[in-house]
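Line by line, the protein sequences give chains A and B.
By our numbering, the letter at position 280 of the first sequence is numbered 280, and the numbering carries on one by one without gaps.
By our numbering, the letter at position 94 of the second sequence is numbered 94, and the numbering carries on one by one without gaps.
Okay, structure first, notes after.
Number of protein chains: 2
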Amino acid sequence: MSDTFWQDHPADALRVRPGFRLADIDPASRPGTTAAKLEGQAELAASAQELRELQEKLFAQSREGAPERLLVVLQAMDAAGKGGMVNHVFGQLEPYGLQLTAFKAPTEEERAHDFLWRVEPQVPAPGVIGLFDRSHYEDVLIQRVRGFAPPEEIERRYGAIVDFERRITNLGVRVVKIMLHISPEEQASRLLDRLDDPEKHWKYNPGDVDERVYWASYMEAFQVAIERTNTEHAPWFVVPSNSKWYSRAAVQRIVISELQRLSPEWPAVKFDVVAERERVQQTLGISWP
Amino acid sequence: MSDTFWQDHPADALRVRPGFRLADIDPASRPGTTAAKLEGQAELAASAQELRELQEKLFAQSREGAPERLLVVLQAMDAAGKGGMVNHVFGQLEPYGLQLTAFKAPTEEERAHDFLWRVEPQVPAPGVIGLFDRSHYEDVLIQRVRGFAPPEEIERRYGAIVDFERRITNLGVRVVKIMLHISPEEQASRLLDRLDDPEKHWKYNPGDVDERVYWASYMEAFQVAIERTNTEHAPWFVVPSNSKWYSRAAVQRIVISELQRLSPEWPAVKFDVVAERERVQQTLGISWP
Numbered sequence: 001m002s003d004t005f006w007q008d009h010p011a012d013a014l015r016v017r018p019g020f021r022l023a024d025i026d027p028a029s030r031p032g033t034t035a036a037k038l039e040g041q042a043e044l045a046a047s048a049q050e051l052r053e054l055q056e057k058l059f060a061q062s063r064e065g066a067p068e069r070l071l072v073v074l075q076a077m078d079a080a081g082k083g084g085m086v087n088h089v090f091g092q093l094e095p096y097g098l099q100l101t102a103f104k105a106p107t108e109e110e111r112a113h114d115f116l117w118r119v120e121p122q123v124p125a126p127g128v129i130g131l132f133d134r135s136h137y138e139d140v141l142i143q144r145v146r147g148f149a150p151p152e153e154i155e156r157r158y159g160a161i162v163d164f165e166r167r168i169t170n171l172g173v174r175v176v177k178i179m180l181h182i183s184p185e186e187q188a189s190r191l192l193d194r195l196d197d198p199e200k201h202w203k204y205n206p207g208d209v210d211e212r213v214y215w216a217s218y219m220e221a222f223q224v225a226i227e228r229t230n231t232e233h234a235p236w237f238v239v240p241s242n243s244k245w246y247s248r249a250a251v252q253r254i255v256i257s258e259l260q261r262l263s264p265e266w267p268a269v270k271f272d273v274v275a276e277r278e279r280v281q282q283t284l285g286i287s288w289p
Numbered sequence: 001m002s003d004t005f006w007q008d009h010p011a012d013a014l015r016v017r018p019g020f021r022l023a024d025i026d027p028a029s030r031p032g033t034t035a036a037k038l039e040g041q042a043e044l045a046a047s048a049q050e051l052r053e054l055q056e057k058l059f060a061q062s063r064e065g066a067p068e069r070l071l072v073v074l075q076a077m078d079a080a081g082k083g084g085m086v087n088h089v090f091g092q093l094e095p096y097g098l099q100l101t102a103f104k105a106p107t108e109e110e111r112a113h114d115f116l117w118r119v120e121p122q123v124p125a126p127g128v129i130g131l132f133d134r135s136h137y138e139d140v141l142i143q144r145v146r147g148f149a150p151p152e153e154i155e156r157r158y159g160a161i162v163d164f165e166r167r168i169t170n171l172g173v174r175v176v177k178i179m180l181h182i183s184p185e186e187q188a189s190r191l192l193d194r195l196d197d198p199e200k201h202w203k204y205n206p207g208d209v210d211e212r213v214y215w216a217s218y219m220e221a222f223q224v225a226i227e228r229t230n231t232e233h234a235p236w237f238v239v240p241s242n243s244k245w246y247s248r249a250a251v252q253r254i255v256i257s258e259l260q261r262l263s264p265e266w267p268a269v270k271f272d273v274v275a276e277r278e279r280v281q282q283t284l285g286i287s288w289p
């Protein structure tokens, strides 16, 4: 970690703690650093190698049986920067070790099952970094705000989520949940940007405007969901995201620190290196055609 | 395309044509360019933006219903550079638009089904670039060389592959098949490199040495498989791969040219831009907390 960029580690500064109040967090703030945009972009590039090396070790050790893996859950209001986060931070990882799942509105078949039915198959295998763009938290966010499920069902889900995340944690999955937090003014500005640029029209969804009137209800739903599911084993981080460069640098640093907690190491191998070298050399005579 | 780097386009120079003989292709050659390593690496970086823009358009237009997508099949002997190709060329793509499938030795359940049973679910959706690290071609390569299936079954599979690839082509999938071609001497040198570097031990598999004695049989199996399945709708390219930088630059250029054939465009949208701008502006008053 560059000592000059972060004065406070974002994994500390942005972690949700008891007494957390979402309303107290300014989406335009940049906790942990006094640096500006250009330095933030430089920090992102400078830390990429650290991120990739941790990923490669995590992947490598899983080949020899290590169970550790990471699951990063991204939740946010529309236009808060999930897509850019996936491309600019997680896009730096090797494709073999990244498993991205974008959860959409549930299908009829999915709705016929419990809400975790479609999530379980997406839990990453050992060595893999799983990334959820939206997740099982939609089932306590939009479903609560829009009344798609009755209150007692929403209640049941908070507990089911805690149990689910504890179970997979015990199998070696480190679960990290991140809310990208923007202001409604910033969202409007980004929606207008999409409308102003024909190359971004495809990213614009008229339904996003309809959701804006529920902003306060969404924030309340986030507050409750975070309170009810913020555990030692599966913590929440709320990342102020009005500055894209800040939120990317912060999320990258949080991911690096969570990977470091897993202490991945180059695995010891089960074959005899000297004997194998001889075996290869004995085949040096083969040639073709 | 940089005019100075490629004198002949690799999509022409490396495409398999009638009368193709694998034995005539020198894995150390670099058809299409007289440039050297540093220029090759520069070309790879310089073309990355072109690649990403095509991918983004392909993905964007699929949101409005365009059926086009690309499926790239990578086949090669061990240590020919598939992994590096995935990371250094395809790793430059946005994670949303890339679907990587690494096919391993078939499981018991997979063996109980026809060989295409596990392949069909991995055909990419519209807008997505599918990437197969090994594929249904293993079923006519290793299975032929090692006699895991009888000759008449191998025969059946060539036809089944052609039919399968024609069917998905007609749905909008452009199928491109690439053999990374190295010499047995180069393979030995790469295996020894892995043994010399403890950080690469995990990539070494003693079984790879056992396969080396079958080299000539593998080349024969590649020759026949390529002959039997090289079609207008799903062409083969053989990429000399003793130079990693050359094979990466060539594959990237082939992928770019195949994406260009699909002519992806920013999609026209179905909403009224002016009306939507007004709708967003009407919500500017909302605020929170």
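We put the CB at the ideal spot given by N, CA and C, even for glycine.
*Exposed or buried, which one is B:S29 when buried takes at least 16 other CB atoms within 10 Å?*
exposed
_Nonlocal neighbours in the same chain, by C-beta distance under 8 Å from B:F222, ignoring five residues either side_ = L22, Q75, L141, M179
_Tell me whether the stretch 64-82 of chain B and the stretch 83-102 of chain A touch, counting them as touching only if at least three CB pairs, one residue from each stretch, are closer than 8 Å._
Taking a contact to require three or more Cβ pairs closer than 8 Å, the stretch 64-82 of chain B and the stretch 83-102 of chain A do not qualify as touching.
*Closer than 8 Å, Cβ to any Cβ of chain B: which residues of the stretch 58-91 of chain A, in chain order?*
Closer than 8 Å at the C-beta level to chain B, one finds these residues of the stretch 58-91 of chain A: A60, Q61, R63, E64, G83, V86, N87, F90, G91.
*asked:* Can you find the residues in the same chain that come closer than 8 Å, C-beta to C-beta, to B:V273, ignoring five residues on each side of it along the sequence?
replied: none
_Nearest-angstrom beta carbon gap, A:K177 and A:W236 [assumed within contact, 8 Å]_ = 5 Å
*asked:* If you follow the beta strand (DSSP E) that A:K104 is in, where does it begin and where does it stop?
replied: Where A:K104 is concerned, there is no enclosing beta strand (DSSP E), given that its DSSP letter is neither H nor E.
*Could you check if A:F59 is buried or exposed, using at least 16 other CB atoms within 10 Å of its CB as the buried criterion?*
buried
_Please classify B:P264 as buried or exposed, where buried requires at least 16 other C-beta atoms within 10 Å of its C-beta._
Classification of B:P264: buried, given that the 10 Å Cβ count is 16 or more.
_Stretch pair the stretch 216-230 of chain A + the stretch 158-167 of chain A: three plus CB contacts closer than 8 Å_ = yes
*Name the chain B residues whose beta carbon is nearer than 8 Å to that of A:R182?*
The question names Arg, but residue 182 of chain A in the sequence shown is Ile. Per Cβ cutoff of 8 Å: no residues; A:I182 is ~11 Å from chain B at best.
*For A:Q55, the residue or residues it bridges with in DSSP*: Bridge partners of A:Q55: none, in fact.
*Taking A:W236 as part of the beta strand (DSSP E), name the residues at either end of that continuous run.*
236-240
*Would you give the residue range spanned by the alpha helix (DSSP H) that A:D12 belongs to?*
10-13
*Span separating the alpha-carbon of A:R261 from that of B:Q122*: Between A:R261 and B:Q122, the C-alpha separation is close to 34 Å.
_CA-to-CA distance, B:S243 to B:Q187, given in whole angstroms_ = 12 Å
*Alpha-carbon spacing of A:I25 relative to A:T33, whole angstroms*: 15 Å
*For B:L51 versus B:Q252, is the C-beta spacing smaller than 8 Å?*
yes
*Beta-carbon separation of A:K200 and A:D210 under 8 Å?*
no
*chain B contact for A:T169 (CB, 8 Å cutoff)*: no
_Neighbour flag for B:R279 against chain A, beta carbons, 8 Å_ = yes
_Determine, for A:F271, whether the minimum Cβ-Cβ distance to residues of chain B falls below 8 Å._
yes
*Rank A:G285, A:Q41, A:V145 by C-alpha distance to the C-alpha of A:E220 and give the top, closest one.*
A:V145
*Is any beta-carbon of chain A found at less than 8 Å from that of B:I286?*
yes
*Show which residues of chain B have a CB atom less than 8 Å away from the CB atom of A:M219.*
In chain order: W288, P289.
*Looking at B:E53 and B:E94, is the spacing between their C-beta atoms short of 8 Å?*
No. Outside cutoff.
_Quick check on B:V89: buried or exposed, where buried means 16 or more other Cβ atoms within 10 Å of its Cβ?_
buried
*In chain A, which residues lie with their C-beta within 8 Å of the C-beta of B:W266?*
P198, E199, H201, W202
*asked:* Less than 8 Å between the beta carbons of B:S241 and B:P10, yes or no?
replied: no
*Locate the alpha helix (DSSP H) running through B:V176, then write down its first and last residues.*
Segment 173-181 is the beta strand (DSSP E) holding B:V176; no alpha helix (DSSP H) there.
*Terminal residues of the continuous beta strand (DSSP E) containing A:I129?*
129-133
*Counting only the same chain and skipping the five closest in sequence on each side, list residues whose C-beta sits under 8 Å from that of B:F148.*
I142
*Identify every run of the beta strand (DSSP E) within the stretch 137-201 of chain A, keeping only runs that are complete inside it and at least 3 residues long; order them along the chain.*
173-181
*asked:* Determine, for B:V224, whether the minimum Cβ-Cβ distance to residues of chain A falls below 8 Å.
replied: no
*For B:W215, decide whether its Cβ has a neighbour in chain A, counting only Cβ atoms nearer than 8 Å.*
yes
*asked:* Quick check on DSSP: helix, strand or coil for B:L262?
replied: coil
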